[in-house]
Amino acid sequence: MSERILNPDLGFVKDVINAGGESLKKCYQCATCSVVCNVSPDDSPFPRKEMVQAQWGLKEDLFRNPDIWLCHQCSDCTAYCPRGAKPGEVLNAVRKVSIAEFSAPKFLADIVNKPAALIPLLAAPLVILLVWSHLLNMGSAAAAVYGSSFIASGQFKFIDPLFGAAAVFAVVMLARGVSKYWNAMSAGLPVAGPKMELGQAIGETIRDILGHERFKKCEVTKARSTAHMLVLYSFIGLLVTTLLALTKMIPEYFALNWSTAFVEGLVSAYKIIGAVSGVILIIGILLVMSNRAKNAPKAGMGSYYDWLFISLVAGLGITGLFTELLRLANTPIAYGMYVAHLMLVFFLFAYAPYSKMAHMFYRATAMVFARMTGRM
Amino acid sequence: MAEQSILVIGGGISGLTAALEAAEAGHDVTIVEKNPYLGGRVAQLNKYFPKLCPPVCGLEINYRRIKENAKVSFHTMSRVEAVSARGGSFEVTISKAPRYINDRCVGCDACAQACPAYRPDDFNFGMGRTKAAYLPFDQAYPMQYVIDSASCTKDCGQKCKEACKYGAVDLDMKPGTFKMDASAIVVATGWNPYDISKVDILGMGRVKNVITNMMMERLAAPNGPTGGKILRPSDGKEPKKVAFVQCAGSRDENNLPYCSYICCMASLKQTTYLKEQYPDAEIDIFYIDMRTPGRYEKFYWKVRDMEGVSFTKGKVARVEGADGDDVTVTLEDVLNGKRVKRTFDMVVLAAGMEAATNQAPVPLDIKYTAEGMIVPSSLKPGIYAVGSAKSPVDVARSVQDATGAALKSIQSALLTAGGVK
Chain A
48 MSERILNPDL GFVKDVINAG GESLKKCYQC ATCSVVCNVS PDDSPFPRKE MVQAQWGLKE
108 DLFRNPDIWL CHQCSDCTAY CPRGAKPGEV LNAVRKVSIA EFSAPKFLAD IVNKPAALIP
168 LLAAPLVILL VWSHLLNMGS AAAAVYGSSF IASGQFKFID PLFGAAAVFA VVMLARGVSK
228 YWNAMSAGLP VAGPKMELGQ AIGETIRDIL GHERFKKCEV TKARSTAHML VLYSFIGLLV
288 TTLLALTKMI PEYFALNWST AFVEGLVSAY KIIGAVSGVI LIIGILLVMS NRAKNAPKAG
348 MGSYYDWLFI SLVAGLGITG LFTELLRLAN TPIAYGMYVA HLMLVFFLFA YAPYSKMAHM
408 FYRATAMVFA RMTGRM
Chain B
-16 MAEQSILVIG GGISGLTAAL EAAEAGHDVT IVEKNPYLGG RVAQLNKYFP KLCPPVCGLE
44 INYRRIKENA KVSFHTMSRV EAVSARGGSF EVTISKAPRY INDRCVGCDA CAQACPAYRP
104 DDFNFGMGRT KAAYLPFDQA YPMQYVIDSA SCTKDCGQKC KEACKYGAVD LDMKPGTFKM
164 DASAIVVATG WNPYDISKVD ILGMGRVKNV ITNMMMERLA APNGPTGGKI LRPSDGKEPK
224 KVAFVQCAGS RDENNLPYCS YICCMASLKQ TTYLKEQYPD AEIDIFYIDM RTPGRYEKFY
284 WKVRDMEGVS FTKGKVARVE GADGDDVTVT LEDVLNGKRV KRTFDMVVLA AGMEAATNQA
344 PVPLDIKYTA EGMIVPSSLK PGIYAVGSAK SPVDVARSVQ DATGAALKSI QSALLTAGGV
404 K
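Line by line, the protein sequences give chains A and B. Numbered by this note's numbering, the letters in the first sequence go through residues 48 to 423 in order. Numbered by this note's numbering, the letters in the second sequence go through residues -16 to 404 in order.
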């Protein structure tokens, strides 16, 4: 066995502890977790080794393999852990730190996960819009927020460029983070002579995610995979809705036909998909919350990082549904509700590279890498 | 003033030692024991570690010391029901369950032979059964049979009675209570093996040929269910591949949060039982840490260097049945970072010690730790706890502790009696 000098990064240990891994130091390496985990491979199983790596501050070791993302936080390990070290929850904290590690600019990652920054971050798109419309002297900002004039007056058109820019920013930053993660993993375990071709690995990963094949193997918190699946499918439904809507909106943009908000009957396909997805989203996220509460005696309630994401998704669904209902009731409150909805949409997507929203991209990347290197 | 004596609750190795040390220093002592015999857990052991001598030989000496000492009296099948402090002494109420056999019994076995009913053999942890009229084990003290009234129904009692030509069977015995004055109380309530079926992943009661370390003691003991030949329970096959699962329930917040102190040594000792009977046996010990405190380390070295004995760091966290009544265990071999499955003829769970007061508390104002151990500092003057009632300990430490408690209770008795004369 070759000698190796370990370089403990104590700051990293503190980061993990602060990110919800308070129980980290309780682990005494009995390896019960690695045995009860149904999604861990036989060779170098997790999460026992991750626990010692995190305890010793071996950041590089944790970030150069896909294992932290192959864990679905079933909490089977947490249930059987003889020390209350909560390996599943520690790995969740490690994942949070890794998202921050691979994201840029760093200050955004810090801010997004600070409770104190919640209100300013939520308000940011609104402020931008108001300043923008004011600069262009397009009418009273206050009236724009509170009254129906906001949408009816045509200021609505500014939203799309702003959201479009935010989306581009998020995609670029996520792509950058994910590719940094890929490079880190490749440096640890070269993909040269892959066990599986990239295309096939991506295909299998997508199939796995759509079917929640691995997530379903959880025992103690079996119900979580169903809840998560509902949320995932509702997001896919909402994505389809958005794309369909875009196909209708874009021609209107090019026609410079801004003042007429495009209006269609209630029974158009994309509205039905949107409404159904919204309801599924709310059901799914409520189940996520109740599962978390049920599992709390063992696993704890989770950190700000978890609840920020869960609350945003729940808020997104609820404000979306209410906007639609209030609009049908033809009350001006609908516009206020819509503004709230848009603020949440902006939060979830613009800050995605720094919040738990990023988990889907990092996890999918790790799953592809794991397949190519024979880890899965 | 009524005659006072030192009350010892529990007639295991701690209680016997405390009682005899105090009695031999000239004080009256009363032992209250819930079992029909004295000797406690030690009576169930095949050998002591590290000397590997049979405990019955040490117990026999203690039994003789009791027989020869008029200062010691004992009550088997009895429990302390109530204690009230009175000045410096205690008024104690004791209940006694009927044995249905009086002291005319000579231990001839005629009643058992005539007895038509059976009961599970609790002395052998349910491995086998005894007649409803039985002697707990062949060297039991007192050497007096017992009738288990719950199992001995209908005409069973009558048949036993007719078989006894000494008039020792007394079916009219009734449960009773009596009072005594105690000058001091020694709590020597001891321990029970932890109910390891509570750890579902370890397979106890679910998977054949998964046994506890205490069952292993009985299997290896000459007066055990197999006459001392270690055979696996399901089919009587000679176990040639045996695994020991350490920390079965111990050092586990969900079960016993503490280290039970004796299980590592017990498994090492039991490895020698197996190697003695089956020199070609392959023994695997799966551990988190091998804990062999003090000079016991030497015993560890001895067993470690035996051929066919291997140690693997990693907690067994899955136990499943395999073909042919074999048992498969899964663990992570921590030092090699591999999850492995291994199949054995028999698996021994090194189950820990649980304080007996968890199941049967004593009626004293005592504070217990979260794990159910007595907190010595919470004891009122004149009350002392010894041995495994306070923490998991081995026999040697129990005996040392009990000797100390004997001195303390003597001092307390002298104070009660009006100071040292």
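Beta carbons: idealized from backbone N, C-alpha and C, even for Gly. All figures in this text were calculated on a predicted structure; none of them were measured in a lab.
B:Gln260 versus B:Arg325, B:Leu21, B:Ala93 and B:Lys223, residue with shortest Cα-Cα distance: To locate residue 260 of chain B, count along the second sequence from 1; it is residue 277. Nearest option by C-alpha distance: B:Lys223.
Contacting residues, own chain, Cβ-Cβ under 6 angstroms from A:Gly194 (five flanking each side not counted): Locating residue 194 of chain A in the first sequence gives position 147, counting from the first residue. The pLDDT assigned to A:Gly194 is 41, lower than 50, so where the model puts this residue is not dependable; a value taken from the coordinates is nonetheless given after this. None.
Any chain A beta carbon closer than 9 angstroms to B:Val190: Locating residue 190 of chain B in the second sequence gives position 207, counting from the first residue. Cβ-Cβ to chain A under 9 angstroms: no for B:Val190.
Alpha helix (DSSP H) segment containing A:Ser324, residue limits: One-based indexing of the first sequence puts residue 324 of chain A at position 277. A:Ser324 -> alpha helix (DSSP H) spans Ala316 to Ala346.
Assigned exposure category for A:Arg254 - 16 Cβ within 10 Å defines buried: One-based indexing of the first sequence puts residue 254 of chain A at position 207. Under this definition A:Arg254 is an exposed residue.
Sheet register partners of A:His259 (DSSP bridge): By one-based count along the first sequence, residue 259 of chain A stands at place 212. Note: A:His259 sits in no beta bridge, so no partner.
Minimum C-alpha distance to B:Ser243 - residue among B:Lys162, B:Ile184, B:Met356 and B:Lys17: Your numbering for residue 243 of chain B matches position 260 in the second sequence. Closest option to B:Ser243, Cα to Cα, is B:Met356.
Where B:Asn192 falls, given that 16 or more other Cβ within 10 Å makes a residue buried: As a first step, residue 192 of chain B must be located in the second sequence, where it is residue number 209. So B:Asn192 counts as buried.
9 angstroms Cβ cut-off: residues of chain B touching A:Asp123: If you number the first sequence from 1, residue 123 of chain A lands on position 76. Simply none; closest approach about 10 angstroms.
Identified DSSP bridge partners for B:Met458: Summary: the structure shown does not reach residue 458 of chain B, with chain B confined to residues -16 through 404, and so no result is reported for it.
Rounded separation between B:Ile(-4) and B:Pro99 - CA only: Translated into the one-based positions of the second sequence, residue -4 of chain B becomes position 13. Translated into the one-based positions of the second sequence, residue 99 of chain B becomes position 116. Near 34 angstroms, if we compare the C-alpha coordinates of B:Pro99 and B:Ile(-4).
Ordered list of beta strand (DSSP E) runs contained in the region 310 to 371 of chain B, each at least 3 residues: 310 to 316, 321 to 327, 329 to 334, 336 to 338 and 366 to 368
Beta-carbon neighbours of B:Ala300, restricted to chain A and to distances below 9 angstroms: Counted from its first residue, the second sequence places residue 300 of chain B at position 317. Near B:Ala300 (Cβ distances below 9 angstroms), the residues of chain A are Cys77, Ala78, Thr79, Cys80, Ser81, Val82, Val83 and Tyr127.
Beta carbon of B:Ala249 nearer than 9 angstroms to that of B:Phe32: For this step, residue 249 of chain B is matched to residue 266 along the second sequence. For this step, residue 32 of chain B is matched to residue 49 along the second sequence. Yes; because the gap between Cβ atoms is below 9 angstroms, this pair is in contact.
Where the region 306 to 324 of chain B meets chain C: residues whose CB sits under 8 angstroms from a CB there: No chain C appears in this structure, whose protein chains are A and B.
For B:Ser381, three-class secondary structure by DSSP: Here residue 381 of chain B corresponds to residue number 398 of the second sequence, with the count starting at 1. The answer is helix: DSSP assigns B:Ser381 an H, G or I state.
Chain A contact for B:Ile184 (CB, 9 angstroms cutoff): By one-based count along the second sequence, residue 184 of chain B stands at place 201. Yes, because at least one Cβ of chain A sits closer than 9 angstroms to the Cβ of B:Ile184.
Distance, A:Val415 Cα to A:Glu148 Cα: Residue 148 of chain A sits at position 101 when you count from the first residue of the first sequence. Residue 415 of chain A sits at position 368 when you count from the first residue of the first sequence. So the two alpha carbons sit approximately 20 angstroms from each other.
Contacting positions in the region 209 to 236 of chain B - beta carbon closer than 8 angstroms to chain A: Cys230, Arg234, Asp235 and Glu236
Closer than 9 angstroms to chain B by CB, A:Ser233: Numbered from its first residue, the first sequence carries residue 233 of chain A at position 186. No - not a single Cβ of chain B is within 9 angstroms of the one on A:Ser233.
Close beta carbons around A:Arg95, own chain, < 7 angstroms, minus the five adjacent residues each side: Within the first sequence, numbered from 1, the residue matching residue 95 of chain A stands at position 48. Here the set comprises Gln76, Ala78, Cys80 and Ser81.
Contact under 9 angstroms by Cβ, B:Gly41 with B:Glu16: Counting from one through the second sequence, the residue named residue 41 of chain B turns up at place 58. Counting from one through the second sequence, the residue named residue 16 of chain B turns up at place 33. No, the Cβ-Cβ distance between B:Gly41 and B:Glu16 is not below 9 angstroms.
Rounded C-alpha distance that separates A:Lys143 from A:Ala66: By 1-based counting over the first sequence, the position of residue 143 of chain A is 96. By 1-based counting over the first sequence, the position of residue 66 of chain A is 19. If you take the alpha carbons of A:Lys143 and A:Ala66, they lie about 7 angstroms apart.
Any chain B beta carbon closer than 9 angstroms to A:Val386: Within the first sequence, numbered from 1, the residue matching residue 386 of chain A stands at position 339. Chain B contact via Cβ: absent.
Neighbour-count burial assignment, A:Leu285, 16 or more Cβ in a 10 Å radius: Translated into the one-based positions of the first sequence, residue 285 of chain A becomes position 238. Burial call: buried.
Contacting residues, own chain, Cβ-Cβ under 6 angstroms from A:Lys345 (five flanking each side not counted): Taking the first sequence and counting its residues from 1, one reaches residue 345 of chain A at position 298. Same-chain partners within the cutoff: Thr125 and Ala126.
Outcome for B:Trp174 when other beta-carbon atoms lying within 10 angstroms are tallied against a minimum of 16: For the purposes of this step, residue 174 of chain B is taken as the residue at position 191 of the second sequence. Counting Cβ neighbours within 10 Å, B:Trp174 comes out buried, since at least 16 surround it.
Per DSSP, the bridge partner or partners of B:Thr195: In the second sequence, residue 195 of chain B corresponds to position 212, counting from 1. Answer is B:Leu332.
A:Glu136 beta carbon near the ligand PLP (any heavy atom closer than 8 angstroms): Among the ligands in the structure shown, none appear at all, so the ligand PLP cannot be discussed.
Where B:Gly304 falls: helix, strand or coil (DSSP): Working through the second sequence from its first residue, we reach residue 304 of chain B at position 321. Three-state DSSP puts B:Gly304 in a strand.
Three-state class that DSSP yields for A:Phe396 in the structure shown: Translated into positions along the first sequence, residue 396 of chain A becomes position 349. It is helical.
Other residues of its chain near B:Thr59: CB distance less than 6 angstroms, five sequence neighbours each side excluded: Position 76 of the second sequence, counted from the first residue, corresponds to residue 59 of chain B. Cβ neighbours of B:Thr59 beyond the five flanking positions: Glu16 and Pro19.
Range covered by the beta strand (DSSP E) that runs through B:Asp267: Taking the second sequence and counting its residues from 1, the one referred to as residue 267 of chain B is at position 284. Glu265 to Tyr270 is the extent of the beta strand (DSSP E) around B:Asp267.
Chain-ordered chain B contacts of A:Ser49 [CB-CB under 7 angstroms]: One-based indexing of the first sequence puts residue 49 of chain A at position 2. Ordered by position in chain B, no residue passes the 7 angstroms Cβ test against A:Ser49, which lies about 15 angstroms from the chain.
B:Cys143 to B:Cys94 span [Cα, whole Å]: For the purposes of this step, residue 143 of chain B is taken as residue 160 along the second sequence, with counting starting at 1. For the purposes of this step, residue 94 of chain B is taken as residue 111 along the second sequence, with counting starting at 1. Looking at the two C-alpha atoms, the distance is approximately 4 angstroms.
Pairwise C-alpha distance: A:Leu355 and A:Ala239: Taking the first sequence and counting its residues from 1, the one referred to as residue 239 of chain A is at position 192. Taking the first sequence and counting its residues from 1, the one referred to as residue 355 of chain A is at position 308. Going by the C-alpha atoms only, they are around 39 angstroms apart.
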